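Protein chains: 2
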Amino acid sequence: MSNVMQFAADAKDASRRLAVLSASVKDEALENIALRLTENKERIFEANRKDLQQAQIDNLEKTLFKRLKYDETKLSDSVAGIRSLRSLSDPLGKTLMHTTLDDGLELYRVTVPIGVIGVIFESRPDALVQIASLCLKSGNAVLLKGGREAINTNKVLSEIIYNAGIEKGLPEGWLSLLTSREDVGAMLTMDKFIDLIIPRGSNAFVQYIMQNTNITVMGHADGVCHTYIDKDADPEMAVKVAIDAKTQYVSVCNTTETILVHKDLLDSFVPVLMDALKEKGVTVYGDDILSDKYGLEKVTEWHHEYLDYKVSMKVVADVYEAVDHINRYGSGHSDCIITGNRETAEIFMNGVDSGSVMWNCSTRFADGFRYGFGAEVGVSTSKLHARGPVGLEGLVTYKYKLMGSGDIVADYADKTKTFKHIRREV
Amino acid sequence: MSNVMQFAADAKDASRRLAVLSASVKDEALENIALRLTENKERIFEANRKDLQQAQIDNLEKTLFKRLKYDETKLSDSVAGIRSLRSLSDPLGKTLMHTTLDDGLELYRVTVPIGVIGVIFESRPDALVQIASLCLKSGNAVLLKGGREAINTNKVLSEIIYNAGIEKGLPEGWLSLLTSREDVGAMLTMDKFIDLIIPRGSNAFVQYIMQNTNITVMGHADGVCHTYIDKDADPEMAVKVAIDAKTQYVSVCNTTETILVHKDLLDSFVPVLMDALKEKGVTVYGDDILSDKYGLEKVTEWHHEYLDYKVSMKVVADVYEAVDHINRYGSGHSDCIITGNRETAEIFMNGVDSGSVMWNCSTRFADGFRYGFGAEVGVSTSKLHARGPVGLEGLVTYKYKLMGSGDIVADYADKTKTFKHIRREV
């Protein structure tokens, strides 16, 4: 058995044990993890310094360097995150449905963990801490594969977290760190052991994962988000929201990449918006109309994620064209309409087939923390299981529990008995 | 564009229109479908006679022949099914969550259709009617691929259903029938247009589908269900339930295929159970202990679905061994414990990682109708999205709607504002 397969098989075994642990054991383990991380902070920082040194030698990009750094501030954020997670109510064992099928034959739908989750994440060591604690809180075993750049930090973090969990009674194998690039390929084949893969990273990377495994993948490849400015928009609000959606943080998935404007705004509003964008250092690419009128470079591909101070802009005839454009060229992530007209807003929000649709507020709000989920696993552009920003809830599934007293189907088949099907309040 | 791709692209367009149709339009279409099917029954029966004749020429198996037959009784069942579906409340537009993020910034999680569903089903023409109406009620466009044996019946049925829908305002392309075997292969590549595939049929077929597409597949390959008889079981109840679970209908997925018995029952209870099984014509295959003691043929593969009057039987030391055996060799479908001990039952129901777990009642209850879901799309052994018997609910997903009044993220990033995150009752 390969290393990875052994880890995965152990994780499956561990997941059976985790599934029946009480919430208090998991919460105590979370508290112990917070404690042990704090106690061992010098060891962590030292490992991180090694990674940072190597990053300097490798001439790593400045933004990556910043993400890689794990210092006092990031540790205390991690610890605060763990404690806030601990304080959340247990997502498991919740009764979602209760039906009395017949006298003494009771059906319950109850939340349970998913099982084994494989997470492949970018270079941020704080992601490791967050993912490990989310999986633990939701009763899942986890296989972690972090960025190569963070290998020393990740090794120390995962060792501390793993042992802190074991000390409080978590089963062996509840967490494993995979370290080589080949391990990712191996993971993708292990549908026997792994129930869900969450890839975080670049568009190309996530797409590669999605296309190379039979395991369910939760995540998003890209975020081509739109802001549509309707003829009934308040111009001041439209500029304010569009600027926020485009420039508040350009390198993330919920940033607006295309601005659609109603044709009636071509002469009045568009110049104002373009000035505001210019002032923020944003380059605008246009459709034929805008390019001709304002001398812009033309957009060649509408499904395009800039993650930069750049934006595509297009004139549309009405809200229906806006909806069609978004459904055709968007990525089903987050899309916004600015309008004072409720009816138009409803056409937009019902028509756009995305995880999040916004009315008069920035696409940048599409995020687990801002949505109040406490913690975020990621954003899903898949429509099944979990969609949009995904919190703890996305890491649980359910099972049916049926409790009887010797009930058999033959009695219902031959009409000796008939079902009552009484829905109970839960 | 190939035929199938055109159908799929049209279905995608249709799905956008279906998503914004009111419930009353869909319910009127359902009523019209019921009406048109009844009016055109002679045409349907004639087409079915053609299929039956061909089946006789092809010397089709008797059980398949019975499933293929679509007569007055089956039509009236279909029509009753459509009308009962119509009377169910709309699964769409339900608010699942409502959070006030801040004053005037309201977040809703609302149910919406999945989009385009591809269903590949066996030879039963009544399955076509049921699936088409389920997809319609849940606002999804549908691509149907039925068994080759039923091609004439399916063509007439789908034409009547499609036109009855169009008459009441459903969008063009809302339903298409695919007819050739190659169409299945083509469907599997169309993740651009198809959101979910539901295969119904043999183990090998469903596994083939699951392994050959990136589209999410909902269904089950096989049903290796277990009944565990604990030392604290009431013997009479144990025999009654085990016999029902094994023999009430042997050729379906929720039939028990393996009986596990506690070691204390080896001399007392096992002979009684074996007599009862023998009386029903069931051949028992045993583990080493049982084979030696009762001269049974040995089980060679524990993950085995007989779908016949045959059963595997094994002696286990306790409930933990039963749980381990089921998690290792079962298919995550439906598993039952018979015991008078509540604690033991809980260990079993929490420990077994299956869609349905039963206590003192037959595994045969695992079914959408019996669970009171009104109608069933199938049973899912996948853990994600929908698990266990799947009703209308399994055909919907959700989106987030965020409504503001010019809110921007920058205000929260620079702490001008802070989130309130007030959960509202829904």
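Protein chains in written order, with this note's numbering: chain P, 1100 to 1525; chain U, 1100 to 1525.
Beta carbons: idealized from backbone N, C-alpha and C, even for Gly.
Keep in mind the model is a prediction, meaning the values are calculated, not measured.
Asked, Found
"9 Å Cβ cut-off: residues of chain C touching residue 1327 (chain U)", "Of the chains in the structure shown, none is chain C; the protein chains are P and U."
"Below-7 Å beta-carbon distance, residue 1223 (chain U) vs any chain P residue", "no"
"Segments of 3+ residues assigned as beta strand (DSSP E) that fall wholly inside the segment 1156-1205 of chain P", "1194-1201"
"Spatially closest choice to residue 1121 (chain P) from P:1198, P:1188, P:1180, P:1223, by CA coordinates", "P:1188"
"Buried versus exposed, by CB contacts within 10 Å (16 or more), residue 1347 (chain P)", "buried"
"Closer than 7 Å to chain P by CB, residue 1431 (chain U)", "no"
"Same chain, Cβ closer than 8 Å to residue 1106 (chain U), neighbours up to 5 away in sequence not counted", "1242, 1272, 1275, 1277"
"Continuous beta strand (DSSP E) stretch holding residue 1356 (chain P): start and end", "1355-1361"
"Where the segment 1453-1480 of chain P meets chain U: residues whose CB sits under 7 Å from a CB there", "1453, 1454, 1455, 1456, 1457, 1458, 1459, 1460, 1461, 1463, 1464, 1469, 1470, 1471"
"Per-residue DSSP class, three states only, for residue 1505 (chain U)", "strand"
"Cβ separation of residue 1149 (chain P) and residue 1251 (chain P), assumed to be a contact under 8 Å, to the nearest whole Å", "4 Å"
"Range covered by the beta strand (DSSP E) that runs through residue 1488 (chain P)", "1487-1489"
"Whole-angstrom distance between residue 1467 (chain P) and residue 1198 (chain U), CA atom to CA atom", "12 Å"
"Residue 1522 (chain U) versus residue 1196 (chain U): straight-line alpha-carbon distance, rounded", "8 Å"
"C-beta atoms of residue 1249 (chain P) and residue 1167 (chain P) nearer than 7 Å", "yes"
"Under 8 Å by beta carbon: chain U residues contacting residue 1310 (chain P)", "1313"
"Validate contact between the segment 1457-1472 of chain P and the segment 1417-1428 of chain P using beta carbons, cut 8 Å, 3 pairs", "no"
"Any C-beta of chain P under 7 Å from that of residue 1509 (chain U)", "yes"
"Contact set between the segment 1190-1216 of chain U and chain P, restricted to residues whose Cβ is under 7 Å from the partner", "1198, 1200, 1204, 1206, 1213, 1214"
"Coarse secondary structure for residue 1416 (chain P), derived from DSSP in three states", "coil"
"7 Å Cβ cutoff met for residue 1381 (chain P) and residue 1410 (chain P)", "yes"
"C-beta contact flag for residue 1215 (chain U) and residue 1111 (chain U) at 7 Å", "yes"
"Spatial neighbours of residue 1461 (chain P) in its chain, beta-carbon cut-off 6 Å, leaving aside the 5 residues before and after", "1340, 1343, 1344"
"Sequence-distant residues of the same chain with beta carbon closer than 6 Å to residue 1415 (chain P), five excluded per side", "1359, 1421"
"Straight-line Cα distance separating residue 1178 (chain P) from residue 1218 (chain P)", "20 Å"
"Interface residues of chain P facing residue 1403 (chain U) [CB-CB closer than 8 Å]", "Chain P residues near residue 1403 (chain U): none, gap ~17 Å exceeds 8 Å."
"Check whether residue 1378 (chain P) and residue 1299 (chain P) have beta carbons under 7 Å apart", "no"
"From P:1181, P:1104, P:1142, P:1155, residue whose alpha carbon lies closest to that of residue 1130 (chain P)", "P:1181"
"Beta-bridge pairing of residue 1455 (chain U) - partner residues as DSSP gives them", "P:1499, U:1433"
"Buried or exposed by the 16-neighbour rule on C-beta atoms within 10 Å, applied to residue 1524 (chain U)", "exposed"
"Where residue 1234 (chain U) falls: helix, strand or coil (DSSP)", "helix"
"Bridge-paired residues (DSSP) for residue 1327 (chain U)", "U:1359, U:1436"
"Partner residues on chain U for residue 1426 (chain P), Cβ-Cβ distance less than 7 Å", "1115"
"Residue 1559 (chain U) in three-state terms, based on DSSP", "Because chain U in this structure spans residues 1100 to 1525, residue 1559 (chain U) falls outside the shown range and cannot be described."
"Outcome for residue 1484 (chain U) when other beta-carbon atoms lying within 10 angstroms are tallied against a minimum of 16", "buried"
"Residue from P:1393, P:1133, P:1456 with nearest C-alpha to residue 1088 (chain P)", "Since the first and last residues shown for chain P are 1100 and 1525, residue 1088 (chain P) lies out of range."
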